[in-house]
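J.:
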DNA sequence: CTATAAACCTGCTGGC
DNA sequence: TGCCAGCAGGTTTATA
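Here it is as structure tokens:
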């Protein structure tokens with residue numbers, strides 16, 4: 001579920017809560033969430049650590065620990081990081097962190113696709129080695145994007161989902177950005193003019209910023225750390241609006257499958273030519 | 001390089 | 001009401 005806006009929103013919240021807090025207990029409810037590390041090693045290396053800076057790279061949330069290691073959390077499809085109210089239990093708790101202020105932070109993940117990895121600094125950079133530019137940073141220019149699309153004949157939608165082209169976009173925001181740029185999702189990536197790439201670059205940034213502003217898109221399970229849903233669903237133009245009238249021209253929104261994912265677009269505003 | 005399918009998992013919705 | 005098919009915010013790996 002979570003794409004860049006949902007991860008960034010939660011990162012900002014954790015930045016207000018976690019730095020300086022000591023992790024006093026760790027419980028592993030689903031070992032595979034650790035991505036191969038033995039639960040005993042994870043618990044040993046995390047327990048007693050003091051949280052440092054909170055970061056984000058693409059859809060990965062980074063929690064620095066004072067010993068030099070870092071927790072890298074990827075929520076994948078259904079994961080949430082939530083402060084669990086006292087005396088409440090979460091049926092989907094995969095990892096539970098007890099803090100020195102008495103609170104409990106839970107990695108809650110019904111579908112179990114999410115990952116909470118403990119990595120050294122070296123492992124961290126290896127993990128991110130093949131990731132593309134951050135779309136909200138200055139490095140993400142139209143020239144940079146065009147360079148990464150050059151020579152690619154696959155559908156632009158598929159290219160936008162590829163985290164080595166640009167990080168942070170998922171199925172919702174890729175569709176929304178293409179609508180905002182008025183580009184059909186099946187257009188071959190390298191067929192976009194420089195003008196169109198420039199529009200797309202701007203559209204990506206605006207779409208993501210809007211998502212962050214609204215606390216992310218919730219149509220299913222996305223919640224922030226206080227268990228609140230985001231409101232960005234109300235502002236979407238095409239995603240999950242099949243058959244409904246385009247907010248710009250009134251034509252019904254259509255669906256096509258690209259890279260095994262539902263893609264939503266307006267046939268009038270986003271011409272195939 | 002590109003495309004496609006399957007795998008990893010559980011839960012919700014809609015149709016009959 | 002009950003059951004089943006289909007679908008869901010992501011990523012990796014295998015196969016053609």
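Numbering (the numbering used here), first residue to last: 1 to 273. C-beta atoms are modelled at their ideal positions from N, C-alpha and C, and glycine is treated no differently.
Can you tell me whether residue 109 is buried or exposed? The criterion is at least 16 other CB atoms within 10 Å of its CB, across all chains shown.
T.: By one-based count along the first chain, residue 109 stands at place 109. Burial call: buried.
J.: Kindly indicate which three-state DSSP category residue 113 falls into: helix, strand or coil?
T.: Residue 113 sits at position 113 when you count from the first residue of the first chain. Coil, per DSSP.
J.: Tell me whether residue 228 sits in a helix, a strand or coil according to DSSP, three-state version.
T.: Residue 228 sits at position 228 when you count from the first residue of the first chain. Collapsing the DSSP output to three states places residue 228 in coil.
J.: Just mark residue 226 as buried or exposed, buried being the case when its beta carbon has 16 or more other beta carbons within 10 Å.
T.: By one-based count along the first chain, residue 226 stands at place 226. Its Cβ having fewer than 16 others within 10 Å, residue 226 is exposed.
J.: Would you mind sorting residue 249 into buried or exposed? The rule is 16 or more other CB atoms within 10 Å of its CB.
T.: One-based indexing of the first chain puts residue 249 at position 249. Looking at its Cβ environment, which holds fewer than 16 other Cβ atoms inside 10 Å, residue 249 is exposed.
J.: Out of curiosity, what's the CA-to-CA distance linking residue 142 and residue 181?
T.: Locating residue 142 in the first chain gives position 142, counting from the first residue. Locating residue 181 in the first chain gives position 181, counting from the first residue. If you take the alpha carbons of residue 142 and residue 181, they lie about 13 Å apart.
J.: Excluding the five sequence neighbours on either side, which residues of its own chain have a C-beta within less than 8 Å of the C-beta of residue 124, listed in chain order?
T.: As a first step, residue 124 is located in the first chain; it is residue number 124 there, counting from the start. Once the five neighbours on either side are set aside, the close Cβ partners of residue 124 are 62, 70 and 72.
J.: Taking its Cβ as the centre, do 16 or more other Cβ atoms sit within 10 Å of residue 187, making it buried, or is it exposed?
T.: The residue you call residue 187 lines up with position 187 of the first chain. Residue 187 should be labelled buried.
J.: Report the rounded CA-to-CA distance for residue 17 versus residue 49, giving the unit in angstroms.
T.: The residue given as residue 17 occupies position 17 in the first chain. The residue given as residue 49 occupies position 49 in the first chain. Rounded to the nearest angstrom, the two C-alpha atoms are 15 Å apart.
J.: Have a look at 112, 136 and 26 and flag the residue whose alpha-carbon is nearest the alpha-carbon of residue 92.
T.: What you label residue 92 is simply residue 92 of the first chain in a count that begins at 1. The shortest Cα separation from residue 92 among 112, 136 and 26 belongs to 112.
J.: Between which residues of its own chain and residue 74 is the CB-CB distance below 7 Å, once the five residues before and five after are set aside?
T.: Counting from 1 along the first chain, the entry for residue 74 is found at position 74. Taken in chain order, the residues that qualify are 59, 60, 114 and 115.
J.: Just confirm the distance between the C-beta atoms of residue 131 and residue 167, as a whole number of angstroms; I'd bet it's less than 8 Å.
T.: Along the first chain, read from residue 1 onward, the residue named residue 131 stands at position 131. Along the first chain, read from residue 1 onward, the residue named residue 167 stands at position 167. Indeed they touch by this definition, with Cβ atoms about 5 Å apart.
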